[in-house]
Amino acid sequence: MRWLLLKDLQILRRSPLLVALLVLYPIVIAVLIGFAISRGPEKPRVAFLNEVPPSASVLELNGQKIDVSQYGKEIFSRIDPVPVQSEQEAIDKVKSGDVLGALIIPADLTQKLQAGTGPANVRVYYNAEDPVKARFVQDTIKSEVQDANTALTKQFTKIALTYLDLISKGGNISIFGKSFSVLGLAKAEAIVNAAQAGLPPNDPLRAQLGQVANFARLARDNLDLSNGVLAAVGTPIRADAKIINGGTTPLDAFAVAIAVTVSLMFVTLLLASGILALEREENAFLRLVRGLVSRTGLLIEKMGLAALCAIVVSLVMLAGIALFVSLEWGRFPLWLVALVFGGLGFGALGVAIGGITREVRAASLLAFMLALPMAFLALVPSGAVSSGLYNVIRVVSALFPFKPTLDALNSALNRSGSIGLPLLHLAILTVAFGVIARLSLRRFA
Amino acid sequence: MTEATATERTLVLEAHEISKRFGEREALKRVSLEAARGELVAIIGPNGAGKTTLLSILAGIQRADGGSVSRPPGEIGWVPQQAAVYSKLTVAENLRLFARLEKRPDVEETVERMLAQTGLEQRRDDPVSQLSGGNKQRVNIAIGLLSAPDVLLLDEPSAALDPRQRERLWEFIRELAARGTTVIYSTHNVHEVERHAGQVVVLADGELLFAGTPRELEQIAGATDLDFEEAFVAFLRQRGH
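Order-wise, the sequence lines are chains D and E.
Quick note: our numbering has the first sequence finishing at residue 445, numbered continuously throughout.
Quick note: our numbering has the second sequence finishing at residue 1241, numbered continuously throughout.
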């Protein structure tokens, strides 16, 4: 078998165009995917529950009424809200992938805003099994909450200005339902000046000085209150995000895993399918399997060579990426394990394609046609499509090696989830596609 | 075949009542064949007669449904109709690869011997893609001869060659036979049978119609005033084909 391997390497060495294509194409695709993953669907479906009763949607601050429900429109400007009846229903929809995330407006939101002692919280749920999706949800929610905050901040700023005016000029203020008379700094100054001018040693004007003292106390109290108000002015609403499933892989690190998986896929698929089909095109297949090499041995040689070349390309790619992104070289053995299993999975699919198509050009075309949808389907986040369609996509993705290879590499590179399950998945797919390839050789010649 | 000829012959291959069926179609119906050392055996017949199927079974590429072959496939050289060589590799590299796969004890010696035998020493470092059809077929045959088999099977060896290339190929094949290699070949060119075959085997619809010398075939056809091709056609007509 090693002589056959040597022969294939010789043929590859004499096909510089093919080798260049095999190296450059996956890099181009990886870059394109990198751009693609930075964008999500235009209006993602988000489960929405507003627990604030309609009667409590208006809050009153210093006599000014603010209808919070109006600010909901800001939140809905870039999401497609899916109304739910309970928080559990929202969580279930996130779990099932029916929606990208869930946004819960708690019943006490307006009370907290009215109290002004700090930000009011909304609750956000999403799956983070896919870092692309996690980043997208984070960005979307952050953006929407920021929009709502900007609108509310304008109102709070107006209120803060009236407080400052009150402290300066004096007047009446209503706090927690009680009305207070505020002297104001201007009047206080006049009183204190007058008191100082005509104050004998045992002065009867203690009452007036008492007013000054009261003002000072109230001013101090108001300043204490303003701490919360100022905090609220900055961020009236905060989002409490809770991840239902998945880890916290950064998008950059995930993009590395995608790029390497795409390279591994293209190089292995094209090589394995092409070099097997080439044996038939050169009419050498029957000569080889006539006692020189077993059919199974031939398949293993093609799978192994394709996987080996793809692993080398992937490692070179990782070394290049490591110049720009920090990678944990201490986990190199795990990278290698993931690449070997992924390479063999793609190799088995490749020889199945080569065995079925039987011609190099047809094999290459089918490999291309299969590879791109295989990659893109595996990257569709839950919530981007309907629940039923998402389940179909998950099943289809599970039938091909891209998703488990991506999971295994993501685990090896980024400590995201367990590596065992994807490796087992890849082993099963390798055997399954190997059997298909072996069966296809029955009519290969 | 005369009785005297048969007694002088040293049989190197015997196929006994070979049968093969593809679904409902009977491709070979209890076909028997024997070939002697250094003999040139031509298998002829109309399209679909079972010529390639018979050669494939003798070569071990297909399994027969019934019957037996006296030699295992490993002891028989096989040369497919279309050159089974790697066009990106040179002549020497192709020979070296298959010599290694054949596990020849001295690979380089075997390669040199085959280059000399096929007259391709000057083209040893040329990629096969740059060779003419005739030379490509020589490399194809050389690979079939790497294990120095006693019996060589050729499936329509001259099908894609021009007359000059064909003549050179037959010279080469005759030399092989003269050195003791038994060559069994299929062909549609009955003139080649007349010129080069010691024994002719006629198949039609999977049935063995005749096995003997070309002259005997002409006699059976009762067409001594016709050329061999006309005699062959007359013979097929007599047998209902």
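Glycine included, each C-beta is placed from N, C-alpha and C at the ideal position.
Boundaries for Leu334 (chain D): no beta strand (DSSP E) harbours it, while the alpha helix (DSSP H) harbouring it runs Phe332 to Thr357, taken from the DSSP string. Nearest in C-alpha terms to Thr140 (chain D), of all of D:Val192, D:Arg331, D:Val46 and D:Ile167, is D:Val46. Counting C-beta atoms within 10 angstroms of its own C-beta, Gly274 (chain D) has 16 or more neighbours from the protein chains shown and is therefore classed as buried. A contact is defined here as three or more CB-CB pairs under 8 Å, and the stretch 388 to 406 of chain D fails this definition with respect to the stretch 303 to 318 of chain D. Exclusion of the five residues before and after Gly1119 (chain E) leaves Arg1138 and Phe1172 as the residues of its chain whose Cβ lies within less than 8 Å of its Cβ. For Lys1051 (chain E), the closest Cβ of chain D is not nearer than 8 Å. Looking at the backbone, the Cα of Ala107 (chain D) and that of Val122 (chain D) are separated by about 10 Å.
Inter-segment contact for the stretch 1176 to 1185 of chain E and the stretch 1211 to 1218 of chain E is absent: fewer than three beta-carbon pairs are separated by less than 8 Å. Among the residues of chain D, those whose CB is under 8 Å from the CB of Glu1102 (chain E) are Leu292, following chain order. Glu1194 (chain E) counts as buried, since no fewer than 16 other beta carbons sit within 10 angstroms of its beta carbon. Inclusion of Val1091 (chain E) and Val1151 (chain E) in the CB contact set at 8 Å is not warranted, their separation being larger than that value. Going by beta carbons, Pro1046 (chain E) and Ala1059 (chain E) fall outside the 8 Å limit. With 16 or more other CB atoms across the displayed protein chains lying within 10 angstroms of its CB, Pro404 (chain D) is buried. For Pro1105 (chain E), no chain D residue has a Cβ inside 7 Å of its Cβ, as the nearest lies near 15 Å away. Listed in chain order, the positions of the stretch 1067 to 1097 of chain E with a beta carbon within less than 8 Å of a beta carbon of chain D are Pro1073, Gly1074, Trp1078, Pro1080, Gln1082, Ala1083, Ala1084, Val1085, Tyr1086, Ser1087, Lys1088, Leu1089, Glu1093 and Leu1097. In summary, Asp1125 (chain E) is exposed, with fewer than 16 beta-carbon neighbours lying within 10 Å of its beta-carbon over all protein chains present. Considered as a whole, the stretch 1017 to 1058 of chain E harbours 1025 to 1036 and 1040 to 1044 as its complete beta strand (DSSP E) runs of no fewer than 3 residues, in chain order. Within chain D, the C-beta atoms nearer than 8 Å to that of Ala1059 (chain E) come from Arg290, in chain order.
Here Ile300 (chain D) carries a helix assignment [DSSP, helix/strand/coil].
With the rule of 3 Cβ pairs closer than 8 Å, the stretch 1077 to 1084 of chain E does not count as touching the stretch 1217 to 1233 of chain E.
With 16 or more other Cβ atoms from the protein chains shown falling within 10 Å of its own Cβ, Lys7 (chain D) counts as buried. Put simply, the stretch 1094 to 1114 of chain E touches the stretch 1140 to 1158 of chain E. At least three CB pairs are less than 8 Å apart. Straight through space, the alpha carbons of Ala1084 (chain E) and Arg13 (chain D) are spaced by roughly 21 Å. Taking C-alpha positions only, Leu183 (chain D) is separated from Tyr163 (chain D) by approximately 13 Å.
No alpha helix (DSSP H) of 4 residues or more sits fully in the stretch 163 to 188 of chain D. Chain-order list of chain E residues neighbouring Ile11 (chain D): Tyr1086, Lys1088 and Leu1089, by C-beta distance under 8 Å. Taking a cut-off of 8 Å on C-beta distances, the stretch 331 to 340 of chain D does not touch the stretch 1028 to 1047 of chain E, as fewer than three cross pairs fall below it. Distance check between Asn414 (chain D) and each of D:Leu318, D:Ala257 and D:Ala378 places D:Ala257 closest, using alpha-carbon atoms only. Using a Cβ distance threshold of 8 Å, His1188 (chain E) and Glu1156 (chain E) count as a contacting pair.
Nearest CB-CB separation between Leu271 (chain D) and chain E: not below the 8 Å threshold. The beta carbon of Glu301 (chain D) sits no closer than 8 Å to any beta carbon of chain E. Under the 8 Å Cβ criterion, the stretch 259 to 278 of chain D counts as touching the stretch 342 to 355 of chain D, having at least three qualifying pairs.
Under the criterion of beta carbons closer than 8 Å, Ser1186 (chain E) and Ile1057 (chain E) do not qualify as touching, at roughly 12 Å. For Asn283 (chain D), the residues of chain E that pass the 7 Å Cβ criterion are Pro1080, Gln1082, Ala1083 and Ala1084, in the order they occur in the chain. Proximity to Ser294 (chain D) across D:Ala56, D:Leu22, D:Arg438 and D:Asp407 peaks at D:Arg438, based on C-alpha coordinates.
With 16 or more neighbouring CB atoms inside 10 Å of its own CB, Thr261 (chain D) falls in the buried class.
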